[in-house]
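Asks: Residue numbers (this note's numbering), protein chains in the order written: chain A, 7 to 429; chain B, 7 to 429. Glycine included, every Cβ here is placed at the ideal spot set by N, Cα and C.
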């Protein structure tokens, strides 16, 4: 593990940070927010309940190593500077925000331009997503699905432990936390019916996933060696991969999920860097049988991130937690996913989103979808406050996912992705 | 059918057009080419062996109805003006290029800027592709695949005649005719082996498809009614959907094709508008059982486009035609594909590519892939000139697809997508 000053648990900022905040000085995740002079978005980092505008900071000469590109296009920095540039920027921001650094703290004029209370900002999608790939790396989820839909066969298909199974999703419908999702219409066919019908899905589900956004791209025909894959990762967000199960059942043979997944995918707005996650690196579970050499990724290639899903119907006054899970249940690491993705020479671009697949734990209260939590509708969840029950998500329900790494006396968090379902 | 002056078979241009050209004055397809002042691409139409630069034409005041956006960003014209704007531009170009119109013909100075011999131009990808969706609408191909891989079941799965089956592909690896494709590496597993290997595919295949590019986008949550779908289509190109069959066999369960398809997709550079194709509209084959109302698309919703694939090994002096097919073998129309795609509210964007799926005819010499032509490797093709045989595509082979509509004494053509395979 490569710990440095930015991981010091005792470090404090001159900006107020509540003790239970997801955004202490050790985190500094990136986001995009709308402001008067940049309605389409400015880049900021979040600390406590404040946003630090990177453009303004550059403009004031306080982000000294960033070159002129920075001020115009953060994505160019990522694309050309890669992870090293990102690390440098994060270190500078960390120092600038430390309690005893007066450079920004005492410069009232610049502070007024640079620091914005998050409650005054409209937080946007962190990047316009170029491509969206959804993996299937949660081994408990894949096993549960196998048990439900292929009960007479082994739960995992023969290829599962040999490669990170995935499929291309739809980038144009990726939206940020807070944007409602409309219940989609689709084709479905009841088992006892001869022909399909078209109408609103009756089996709207969430999927609890984590995803990484790419910074630096790659060239066509040039696979990324697994040891270099993390250099291409900008950071990590929470992903709710909305699914219409009845549509999926009817459409998915032989080419996989399509419209059952493409109507909307929600992500959290704060891009947490691998640098911030460094202290929570862990070994993944043992991979047996051994994977092929180009996918071998020994050492602490996984992360210990706690995950939680809650639901709140429109009759409830507060959310009810229905799932607690952890990214340690991913069989394949981020680096393995990206090495596999590019192993055939597919070029990646900056602002690609690679989601993990549903992250279910081993116990029934840790399953990352309603499909599993309610076992294909056979075990409804009761919402304690109102006595309502759910097998899938109903109109008016708000589904909220949150994620954090637990430190001693602080958390490195992802905020949340919270979405209301509309008819 | 809505035929107008631009479909007059007798119309001639003052620009030379060979009698067998794909690009007479009745066609006027759009393309992007690199020039000195615009290395990243200028928009042109092709006529005969010449390119007509639309920016220069605007600048000279000869494309009068186009507003100032045009000169800056053709994609904006498409996006905001839709098909109506495209029709207007095409009509003006047609009139300007007619034999007896002196406006451009006799303006030597402007002509020198506007008209470029195609041999002096580098033809680029027509648009940077936002999203790539690959359908499976060739019913003979789908039936052949069923017969090969599910011999004990009906050739078509139960959903096939109820919706245009498709999946999301990878936009970042879409390249233009002329760009070589490298044989990809991938994971594959021999039937008699316990574990997979990683290496160059041994079953590299082409797929003969046609695809449409979108002009005007749509809003999230707003399905496009089928009667409006063609308003969103910019035009049509030939698509070679390269495939690695051995990789596909091992990876595709349960989420569909992924790396077997994402290493490269080749398209022809000339975007032929639906306006140009109007005289070749035909009824599709009868859809039985009747499709759901939102997919009903009566009338002449299909096109009669002739298709041809040839192959030339590096020992051959000229290509050998190995497949003759026709777009009439598509079960689902372009409009049905787009209506289905957006039926769940997925937004489309300008420059999305929707490919048809492999277009095989009914006879063995009309199959649109090596998989079918050689029936899973059991019936090799002999290359007559050299006596070489092929079951899949070898390094050094050039695969060329061409497409055209046959008129009386002229053709409306798509040019070609021609690709050399490299090791």
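1. On a Cα-Cα basis, can you pick out the residue from A:312, A:386 and A:58 that is closest to residue 412 of chain A?
2. Quick check on DSSP: helix, strand or coil for residue 215 of chain B?
3. Note down, in chain order, each residue of its chain lying with its Cβ closer than 7 Å to the Cβ of residue 30 of chain A, except the 5 sequence neighbours on either side.
4. Among all the DSSP beta bridges, which residues are the ones paired with residue 309 of chain B?
5. With a Cβ-Cβ cutoff of 9 Å, do residue 260 of chain B and residue 187 of chain A count as a contact?
6. Using a beta-carbon distance below 9 Å, is residue 343 of chain A in contact with chain B?
7. If you scan the stretch 124-184 of chain A from start to end, which runs of the beta strand (DSSP E) of 3 or more residues do you find wholly inside it?
8. Does the CB of residue 173 of chain A have a neighbour CB from chain B at under 9 Å?
9. Are the CB atoms of residue 382 of chain A and residue 403 of chain A nearer to each other than 9 Å?
10. Suppose the cutoff is 8 Å on Cβ atoms and the five residues either side in sequence are ignored; what does the same chain contact list for residue 9 of chain B look like?
11. Applying the criterion that 16 or more other CB atoms from any shown protein chain within 10 Å of the CB defines a buried residue, is residue 146 of chain B buried or exposed?
12. With a threshold of 8 Å, are at least 3 pairs of Cβ atoms found where one atom belongs to the stretch 78-95 of chain A and the other to the stretch 229-244 of chain A?
13. Do the stretch 285-304 of chain B and the stretch 157-164 of chain B touch if we need at least three Cβ pairs shorter than 8 Å?
14. Considering only DSSP beta bridges, list what residue 193 of chain A is partnered with.
15. Which parts of the stretch 349-417 of chain A are runs of the alpha helix (DSSP H), unbroken and 4 residues or longer, counting only runs that do not cross its ends?
16. Considering only residues of the same chain and omitting the five flanking positions on each side of residue 334 of chain A, which have a CB-CB separation below 7 Å?
17. State buried or exposed for residue 43 of chain A, treating a residue as buried only when at least 16 other CB atoms are found within 10 Å of its CB.
18. Along chain B, in chain order, which residues have C-beta atoms closer than 8 Å to that of residue 265 of chain A?
19. Please state whether DSSP places residue 277 of chain A in a helix, a strand or coil.
20. So residue 142 of chain B contacts chain A; which residues on that side make the cut at Cβ distance below 7 Å?
21. Check whether the Cβ atoms of residue 376 of chain B and residue 395 of chain B sit closer than 9 Å, and answer yes or no.
22. Just the chain B side, please: which residues come within less than 8 Å of residue 257 of chain A by C-beta, in chain order?
23. At the level of alpha carbons, what is the spacing between residue 208 of chain B and residue 264 of chain B?
24. Helix, strand or coil for residue 36 of chain B, going by three-state DSSP, please let me know.
25. Just mark residue 74 of chain A as buried or exposed, buried being the case when its beta carbon has 16 or more other beta carbons within 10 Å.
26. Can you tell me whether residue 292 of chain A is buried or exposed, with buried defined as 16 or more other CB within 10 angstroms of its CB?
27. Residue 253 of chain B: which of B:16, B:12, B:197 and B:20 sits nearest, CA to CA?
28. Closer than 8 Å by beta-carbon distance: list the chain A residues that pair up with residue 192 of chain B, in chain order.
29. Indicate the three-state DSSP secondary structure (helix, strand or coil) for residue 74 of chain A in the structure shown.
30. Cα separation between residue 353 of chain A and residue 21 of chain A?
31. Can you confirm whether residue 176 of chain B, when its beta carbon is compared against all beta carbons of chain A, has any partner nearer than 9 Å?
32. Pick from A:298, A:268 and A:200: whose alpha carbon is nearest that of residue 165 of chain B?
33. Which of helix, strand or coil does DSSP assign to residue 69 of chain A?
34. Go ahead and pull the three-state DSSP assignment for residue 262 of chain B.
35. At a cut of 8 Å, does the stretch 313-324 of chain A reach the stretch 97-114 of chain A through at least three beta carbon pairs?
Replies: The structure says:
1. Indexing the first chain from 1 puts residue 412 of chain A at position 406. Ranking the options by Cα distance to residue 412 of chain A, first place goes to A:312.
2. Within the second chain, residue 215 of chain B is the residue found at index 209, counting from 1. When DSSP states are grouped into helix, strand and coil, residue 215 of chain B belongs to the strand group.
3. Within the first chain, residue 30 of chain A is the residue found at index 24, counting from 1. Counting only Cβ-Cβ distances below 7 Å, and skipping sequence neighbours, we find 23 and 416.
4. As a first step, residue 309 of chain B is located in the second chain; it is residue number 303 there, counting from the start. According to DSSP, residue 309 of chain B bridges with B:287.
5. Residue numbering aside, residue 260 of chain B sits at position 254 when the second chain is read from its first letter. Residue numbering aside, residue 187 of chain A sits at position 181 when the first chain is read from its first letter. Going by C-beta atoms, residue 260 of chain B is not nearer than 9 Å to residue 187 of chain A.
6. Taking the first chain and counting its residues from 1, the one referred to as residue 343 of chain A is at position 337. Residue-level contact by beta carbon fails for residue 343 of chain A and chain B, as no gap is shorter than 9 Å.
7. Counting whole runs of 3 or more residues, the stretch 124-184 of chain A contains the beta strand (DSSP E) stretches 128-130, 138-141, 172-174 and 180-182.
8. Against the first chain, residue 173 of chain A aligns to sequence position 167. Cβ-Cβ to chain B under 9 Å: yes for residue 173 of chain A.
9. Here residue 382 of chain A is taken as the residue at index 376 of the first chain, counted from 1. Here residue 403 of chain A is taken as the residue at index 397 of the first chain, counted from 1. The answer is no: Cβ separation not under 9 Å.
10. By 1-based counting over the second chain, the position of residue 9 of chain B is 3. Answer for residue 9 of chain B: 284 and 285, listed in chain order.
11. For the purposes of this step, residue 146 of chain B is identified with residue 140 of the second chain, where counting begins at 1. Residue 146 of chain B is buried by the Cβ-count criterion.
12. Enough Cβ pairs lie closer than 8 Å, so yes.
13. In short, these stretches do not touch, since the Cβ pair count stays below three.
14. Residue 193 of chain A sits at position 187 when you count from the first residue of the first chain. According to DSSP, residue 193 of chain A bridges with A:204.
15. With a minimum length of 4 residues, the continuous alpha helix (DSSP H) runs that stay inside the stretch 349-417 of chain A are 376-379.
16. By 1-based counting over the first chain, the position of residue 334 of chain A is 328. Closer than 7 Å at Cβ, skipping near neighbours: 288, 308 and 310.
17. Start at 1 with the first residue of the first chain, and residue 43 of chain A comes out as number 37. By the neighbour-count criterion, in which 16 or more other beta carbons inside 10 Å mark a residue as buried, residue 43 of chain A falls on the exposed side.
18. Within the first chain, numbered from 1, the residue matching residue 265 of chain A stands at position 259. Against chain B, a Cβ distance below 8 Å from residue 265 of chain A picks out 346, 347, 349, 350 and 352.
19. Taking the first chain and counting its residues from 1, the one referred to as residue 277 of chain A is at position 271. Look at residue 277 of chain A here: in three-state DSSP terms it is strand.
20. In the second chain, residue 142 of chain B corresponds to position 136, counting from 1. Those within 7 Å of residue 142 of chain B in chain A are 261.
21. Locating residue 376 of chain B in the second chain gives position 370, counting from the first residue. Locating residue 395 of chain B in the second chain gives position 389, counting from the first residue. Their beta carbons are not under 9 Å apart, which means residue 376 of chain B does not touch residue 395 of chain B by this criterion.
22. Walking along the first chain from the start, residue 257 of chain A turns up at place 251. Residues of chain B passing the Cβ test: 165, 169 and 171.
23. On the second chain, position 202 is the one that residue 208 of chain B refers to. On the second chain, position 258 is the one that residue 264 of chain B refers to. If I take the Cα positions, the gap works out to 17 Å.
24. The count along the second chain starts at 1 and reaches residue 36 of chain B at position 30. Three-state DSSP puts residue 36 of chain B in a strand.
25. Translated into positions along the first chain, residue 74 of chain A becomes position 68. Interpretation of residue 74 of chain A is limited by its pLDDT of 49, a score under 50 that renders its predicted location unreliable; no figure is taken from the coordinates.
26. To locate residue 292 of chain A, count along the first chain from 1; it is residue 286. It counts as exposed.
27. Stepping through the second chain from its first residue, residue 253 of chain B is reached at position 247. Between residue 253 of chain B and the set B:16, B:12, B:197 and B:20, the nearest pair of CA atoms involves B:197.
28. Working through the second chain from its first residue, we reach residue 192 of chain B at position 186. Near residue 192 of chain B (Cβ distances below 8 Å), the residues of chain A are 349 and 350.
29. Your numbering for residue 74 of chain A matches position 68 in the first chain. Its pLDDT being 49, under 50, residue 74 of chain A is placed unreliably by the model, and the measurement read from it follows with that caveat. Reduced to three states, the DSSP call for residue 74 of chain A is helix.
30. Here residue 353 of chain A corresponds to residue number 347 of the first chain, with the count starting at 1. Here residue 21 of chain A corresponds to residue number 15 of the first chain, with the count starting at 1. Distance between the alpha carbons of residue 353 of chain A and residue 21 of chain A is about 41 Å.
31. Numbered from 1 along the second chain, position 170 holds the residue referred to as residue 176 of chain B. Yes, contact with chain A.
32. Residue mapping note: residue 165 of chain B aligns to position 159 of the second chain, counting from 1. The shortest Cα separation from residue 165 of chain B among A:298, A:268 and A:200 belongs to A:200.
33. For this step, residue 69 of chain A is matched to residue 63 along the first chain. Residue 69 of chain A falls in the coil class under three-state DSSP.
34. The residue you call residue 262 of chain B lines up with position 256 of the second chain. Under the three-state reduction of DSSP, residue 262 of chain B is assigned to coil, being neither helix nor strand.
35. Contact between the stretch 313-324 of chain A and the stretch 97-114 of chain A is absent, because fewer than three Cβ pairs lie under 8 Å.
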